[in-house]
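Here is the structure we will look at, set down as structure tokens.
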Ligand SMILES: *Cc1c(COP(=O)(O)O)cnc(C)c1O
């Protein structure tokens, strides 16, 4: 008995020492979703009221909060940004032979959503100064079959929207903004996601404002509003029925079930309420990284064009080569810091190169970002000490 007590004490002591050591050695992860603390309260309210399905009180409140920020005609919460992009493809009525211009350096969903019905994806290169699309290359990619241009505001840093909108309007092409990373970001004082006819947002756990999995479609051209609501509600006019505008609802169009549960929206409302706090801290982290690394000759830190603002979605820089980036990632990993590269150019993806008659375009900037771009740990709870540690380790890599 006596011996058992002793052994137990020893185990407790050892596990305490181990935990201490572990905290000391704890990795700085790449990302950590931030919780404001209110999520559970709002979700509980939702559960108590038993309004669990889509388009409930929280969903409507959330969509209205976001619509006011964007001054859009209509906002519909979806289960993801990918879903919202699928809705865009349905709304513009993508048909066989239609062409859709998409940057190659982006997340799969920006292109995926437009690959149905035999449409053709045409890839545009990134700019030399930012990974977003090079608007000077658009004109030569346009044909009479071009139906949509999907712009992606990489890292929440705007594409040159005046130039893009002018070209699109002149050719009668619809612009969809993939604003997944672009919450609280502006182009010449206009919120991103409010400029193209349609735009999409993500509230995935890795984004500034998040609810695990979630997204939104924002509609800026009001002639899409009614149909969007129908597509959202499984091709029915159920939303009108809920508002008491019709006495029964039925099947009217194509569509799917794009609505999130109301408790997802409840979670998101808690996040939106802390918008300013979250963004202030993220911007401070970004600024600290920037000041710490901007003079390091070996790398090029993120550029913010004069027309754009910075929403502190991520902190990235470009290295000189793939070999250098790989060595730096390993060096940081050996020092308990997780830094990540980002997209693999879509124009060289298996999916695209397996398409019949596909000719791989030459997109040198997209390839360069694929090989050389590196993202540092970035999340609300990252402390100043941790930011400084990361900065010092990057500098140490280049001086050794
Ligand atoms: C995150 C992201 C998406 C996908 O968002 P989901 O909500 O996960 O579907 C699409 N496009 C871009 C540019 C993104 O960063």
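Numbering (my numbering), first residue to last: 1 to 400. All C-beta atoms, glycine included, are put in the ideal place defined by N, C-alpha and C. Treat the numbers as computed from the prediction; the structure is a model and nothing was measured.
Closest by C-alpha distance to residue 213, out of 229, 174, 267, is 267. When DSSP states are grouped into helix, strand and coil, residue 391 belongs to the helix group. A distance below 9 Å separates the beta carbons of residue 324 and residue 298. Listed in chain order, the non-local C-beta contacts of residue 185 below 6 Å within the same chain comprise 156, 192, 309, 311, local neighbours out to five positions each way being set aside.
Note on geometry: alpha-carbon atoms of residue 397 and residue 166 lie some 45 Å from one another.
The C-alpha of residue 376 lies about 15 Å from the C-alpha of residue 284. Every alpha helix (DSSP H) stretch that sits fully inside the stretch 307-372 and reaches 4 residues is listed by chain position as 322-334, 350-353, 364-372. Within the stretch 31-104, the runs of alpha helix (DSSP H) that reach at least 4 residues and sit entirely inside it are, in chain order, 39-49, 57-70, 81-91.
Inter-residue distance for residue 28 and residue 337 is about 5 Å (C-alpha atoms, whole angstroms). The alpha-carbon of residue 75 is positioned some 34 Å away from that of residue 290. In this structure, residue 89 keeps its C-beta atom at 9 Å or more from the C-beta atom of residue 67.
Sequence-distant partners of residue 70 (beyond 5 residues in either direction) whose C-beta falls short of 6 Å from its own C-beta, in its chain, are 191, 193, 194, 218. Near ligand 1, residues with a Cβ at less than 6 Å from any of the ligand's heavy atoms are 80, 81, 82, 106, 107, 109, 110, 152, 178, 180, 181, 202, 204, 215; the list follows chain order.
Residue 150 and residue 102 do touch by the CB rule: their CB atoms are close to 5 Å apart, below 8 Å. For residue 157, there is no enclosing alpha helix (DSSP H), since its DSSP letter is neither H nor E. By a beta-carbon distance limit of 8 Å, residue 152 contacts residue 110. Their separation comes to about 5 Å. Per DSSP, the continuous alpha helix (DSSP H) segment holding residue 242 begins and ends at 238-242. Residue 260 places its beta carbon less than 9 Å from that of residue 211. The three-state reading of DSSP puts residue 245 in coil, since its state is none of H, G, I, E or B.
Counted as a single uninterrupted DSSP element, the stretch harbouring residue 261 is not any alpha helix (DSSP H), since DSSP gives it neither H nor E.
With contacts defined by Cβ atoms closer than 9 Å, residue 263 and residue 43 form a contacting pair. Secondary structure at residue 218: strand, using DSSP grouped into helix, strand and coil.
Per DSSP, the beta bridge partners of residue 120 are 99.
Nearest in C-alpha terms to residue 341, of all of 321, 356, 359, is 321. One thing to note: residue 282 has its Cβ within 9 Å of the Cβ of residue 378.
With respect to residue 241, residue 234 sits apart: the two C-beta atoms are not nearer than 9 Å. In this structure, DSSP gives residue 200 an extended state, which the three-state scheme calls strand. Excluding residues up to 5 positions away in sequence, 142, 146 lie with their Cβ nearer than 7 Å to the Cβ of residue 171 in the same chain. Boundaries of the beta strand (DSSP E) harbouring residue 174: 174-178, taken from the DSSP string. Considering only 304, 79, 366, 136, the residue with the shortest C-alpha distance to residue 215 is 79. Taking residue 196 as the centre and dropping the five residues before and after it, the same chain places the C-beta of 175, 176, 177 closer than 6 Å to its C-beta, in chain order.
Straight-line measurement puts the Cα of residue 230 at about 29 Å from the Cα of residue 161.
The bridge partners DSSP lists for residue 146 are 99. The beta carbon of residue 168 is closer than 6 Å to those of 149, 175 in its chain, skipping five residues each way along the sequence.
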